[in-house]
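Chains as they are written, first to last, in my numbering: chain A, 10 to 170; chain B, 10 to 170.
Even for Gly, the Cβ is constructed at its ideal location relative to N, Cα and C.
This structure is a prediction, so every number in the text was calculated from the model and none was measured.
This report concerns only the one structure given below.
2 protein chains.
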Amino acid sequence: MSTSTRRGASAPDALEDQGTERFLAGELAQQIQFLTARARGRGSGHANHMLAPLGIKVRQYSVLSLAASGLKPSQREMGEFLALDPSQIVALVDSLEDLGAVQRETDPRDRRSKIIVATEAGMELFEKAREVLLESEDATLGTLSARERKQLRGLLLKIAF
Amino acid sequence: MSTSTRRGASAPDALEDQGTERFLAGELAQQIQFLTARARGRGSGHANHMLAPLGIKVRQYSVLSLAASGLKPSQREMGEFLALDPSQIVALVDSLEDLGAVQRETDPRDRRSKIIVATEAGMELFEKAREVLLESEDATLGTLSARERKQLRGLLLKIAF
DNA sequence: TTCGATCATTGACTTTCTCAACGGTATGGG
DNA sequence: CCCATACCGTTGAGAAAGTCAATGATCGAA
């Protein structure tokens with residue numbers, strides 16, 4: 010009940026602070042590239058803020074999510090799916106390991122690769138974080154109807170890979 | 010005509026390399042947050058690559074675009090619209106100024122603020138970059154129909170601000 | 001066995017982000 | 001007019017994120 014930000018009960022079409030909408034008719038606001046970057050900035054910003062009490066960020070959540078999926082992902086697979094450099098995965102897994110949320114297990118089929126699995130504590134952390142993120146997503150998507158959200162998901166899914 | 014990457018004439022539903030689609034059914038692929046970040050990563054990556062020959066990146070393009078819009082934006086306004094810290098705007102304007110693409114003009118109404126305008130050369134650079142970016146966007150959106158692109162633009166516009 | 005490729009890891013480096021401070025300037029109240 | 005306060009651009013420092021090359025261990029195939 011605290012969130013004071015945005016969505017004032019009044020001011021129907023007051024987008025953000027004044028001065029911004031002046032450029033909405035411009036060329037940038039038509040470029041999907043730019044809009045995507047803008048949306049992502051707002052989204053991950055809000056998400057990280059909401060996630061802070063849990064001691065992780067969205068980056069780490071994404072790794073934790075894969076670890077908790079039961080799909081036994083290797084670090085390389087994670088990097089590919091998350092579009093992150095292998096070295097970044099190392100750091101992220103390290104930090105989650107420090108939190109006791111995940112564990113590295115050497116793949117018996119290929120001892121070079123390590124499979125990341127969530128611990129008990131990791132599963133609990135994941136569930137909490139998941140709910141927080143669903144709230145955050147809901148807040149970020151504010152004005153969109155359920156139908157529109159589904160549409161957006163579908164469209165993004167097509168271009169994200 | 011060199012770009013060998015992606016969009017093979019065949020392979021209708023071959024998303025990226027193999028191993029990735031294994032996680033598509035997972036929980037992350039349902040989160041708009043994640044999809045947005047993924048899409049943005051791909052998009053800006055491709056765009057920066059295409060833009061490299063012109064000596065700028067998407068960050069600088071966005072500033073140049075506003076400067077070339079004729080809307081006489083101040084740096085503060087740019088920062089707000091682009092969701093960038095004022096100090097970053099300074100650096101971006103500096104680099105564009107070094108390229109001779111933009112100029113700082115002190116606002117006569119408020120001598121604290123500086124209005125950024127594109128030079129002749131800046132306008133030419135902007136036009137070239139604009140075309141490159143439209144191509145890049147087209148490539149990134151590959152599989153989307155014109156109708157879907159319009160939808161996506163509309164949806165993103167709603168959540169980007 | 002040996003050679004080339006792959007995986008995780010490390011390290012160095014660049015870019016981007018975030019924040020605090022400072023000088024110059026505007027604005028409003030006494 | 002003078003003053004306090006707030007704002008703009010700028011600088012600087014430090015954290016976070018992204019990029020790239022190299023290495024040891026392991027795999028797969030010749």
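Notebook entry, point to check: What residue range is occupied by the uninterrupted alpha helix (DSSP H) comprising T115 (chain A)?
Noted result: First-last for T115 (chain A): 111-115, but that is the beta strand (DSSP E), not the alpha helix (DSSP H).
Check: What number of angstroms, rounded off, separates the C-alpha of R49 (chain A) from the C-alpha of A46 (chain B)?
Finding: Taking the straight line joining both Cα atoms gives about 6 Å.
Item checked: contact_flag[the region 93-107 of chain B, the region 28-43 of chain B] where n(CB pairs < 8 Å) is 3 or more -> no
Notebook entry, point to check: Under 7 Å Cβ-Cβ, which residues of chain B neighbour T177 (chain A)?
Noted result: Shown here, chain A extends from 10 to 170; a query on residue 177 (chain A) therefore has no answer.
Checklist line | Spatial neighbours of F90 (chain B) in its chain, beta-carbon cut-off 8 Å, leaving aside the 5 residues before and after | finding: L75, P82
Next item on the list: State yes or no: is the beta carbon of R162 (chain B) nearer than 7 Å to at least one beta carbon in chain A?
Entry: yes
Checklist line | Boundaries (first-last residue) of the beta strand (DSSP E) holding A34 (chain B) | finding: Run containing A34 (chain B): none; DSSP gives neither H nor E here.
Notebook entry, point to check: Based on Cα-Cα distance, which residue from B:L134, B:K167, B:E30 lies nearest to L80 (chain A)?
Noted result: B:E30
Notebook entry, point to check: When you check each C-beta in the region 146-162 of chain B against every C-beta of chain A, which residues fall closer than 8 Å?
Noted result: E146, T149, L150, G151, T152, L153, E157, R158, Q160, L161, R162
Notebook entry, point to check: How should R156 (chain A) be labelled, buried or exposed, when 16 other C-beta atoms within 10 angstroms of its C-beta is the threshold for buried?
Noted result: R156 (chain A) comes out exposed.
Check: For F32 (chain B) and chain A, any beta-carbon pair shorter than 7 Å?
Finding: With respect to chain A, the C-beta atom of F32 (chain B) has a partner C-beta closer than 7 Å.
Checklist line | Closest residue to A100 (chain A) among A:V126, A:R68, A:K167, A:T128 (Cα-Cα distance) | finding: A:R68
Item checked: Contact set between S144 (chain B) and chain A, taken where Cβ atoms lie within less than 9 Å -> It is worth fixing the name first, because residue 144 (chain B) is Glu in this sequence and not Ser. Going along chain A, no residue has its Cβ under 9 Å from E144 (chain B), so there is no contact; the nearest lies around 11 Å.
Item checked: Where L143 (chain A) falls, given that 16 or more other Cβ within 10 Å makes a residue buried -> Exposed: under 16 other Cβ atoms inside 10 Å.
Check: Do you know how far the Cα of Q112 (chain A) is from the Cα of E106 (chain A)?
Finding: 6 Å
Item checked: Straight-line gap, A61 (chain A) to R158 (chain A) (C-alpha atoms, nearest Å) -> 25 Å
Next item on the list: Tell me where the alpha helix (DSSP H) around A56 (chain B) begins and ends.
Entry: 41-60
Next item on the list: Could you check which residue in B:T152, B:S71, B:G54, B:V126 has the C-alpha nearest to that of A38 (chain A)?
Entry: B:S71
Item checked: Member of B:A56, B:K167, B:A110 whose CA lies at the smallest distance from the CA of A127 (chain B) -> Of all alpha-carbon atoms in B:A56, B:K167, B:A110, the one lying nearest the alpha-carbon of A127 (chain B) is that of B:A110.
Checklist line | Extent of the continuous alpha helix (DSSP H) run through I168 (chain B) | finding: Run containing I168 (chain B): 155-168, per the alpha helix (DSSP H) assignment.
Note to self: Please list, in chain order, the chain A residues whose beta carbon lies closer than 8 Å to that of Q39 (chain B).
What the structure shows: Chain A residues near Q39 (chain B): R162.
Margin query: According to DSSP, simplified to helix, strand and coil, what is S71 (chain B)?
Written below: helix
Next item on the list: Step through the CB atoms of chain B and report whether any lies within less than 7 Å of the CB of E36 (chain A).
Entry: For E36 (chain A), the answer is yes, since a Cβ of chain B falls inside 7 Å of its Cβ.
Note to self: Measuring only the C-alpha atoms, how far is E140 (chain B) from G52 (chain A)?
What the structure shows: 28 Å
Check: Just to confirm, are A77 (chain A) and S145 (chain A) a CB contact at a threshold of 7 Å?
Finding: no
Item checked: N-terminal and C-terminal residue of the alpha helix (DSSP H) that G138 (chain A) is part of -> Going by the sequence as given, residue 138 (chain A) is Ala instead of Gly. Taken as a continuous stretch (DSSP letters only), the alpha helix (DSSP H) holding A138 (chain A) covers 129-149.
Margin query: Tell me the rounded alpha-carbon separation between M132 (chain B) and V102 (chain B).
Written below: Approximately 15 Å, taken between the alpha carbons.
Check: Whose CA, out of A:A148, A:Q84, A:K66, lies closest to the CA of R120 (chain A)?
Finding: A:Q84
Notebook entry, point to check: DSSP beta-bridge partners for S83 (chain A)?
Noted result: Partner(s): A:I124.
Next item on the list: Output, in chain order, the set of chain B residues within a Cβ distance shorter than 7 Å of V99 (chain A).
Entry: Near V99 (chain A) there are no residues of chain B at all, since even the closest Cβ is about 19 Å away, more than 7 Å.
Checklist line | Chain-order list of residues whose beta-carbon lies under 8 Å from that of L63 (chain B) (same chain, five-residue window excluded) | finding: L134, K137, A138, V141
Note to self: Measuring straight from C-alpha to C-alpha, what distance separates L162 (chain A) and E36 (chain A)?
What the structure shows: Here residue 162 (chain A) turns out to be Arg, not Leu, going by the sequence shown. Between R162 (chain A) and E36 (chain A), the C-alpha separation is close to 25 Å.
Check: What residue range is occupied by the uninterrupted alpha helix (DSSP H) comprising A100 (chain A)?
Finding: 95-107
Note to self: So with CB distances below 8 Å, who are the chain A contacts of L80 (chain B)?
What the structure shows: R31, F32, G35
Margin query: Taking the straight line between their C-alpha atoms, what separation do you get for V114 (chain B) and G88 (chain B)?
Written below: Residue 114 (chain B) is actually Glu in this sequence, not Val. Going by the C-alpha atoms only, they are around 17 Å apart.
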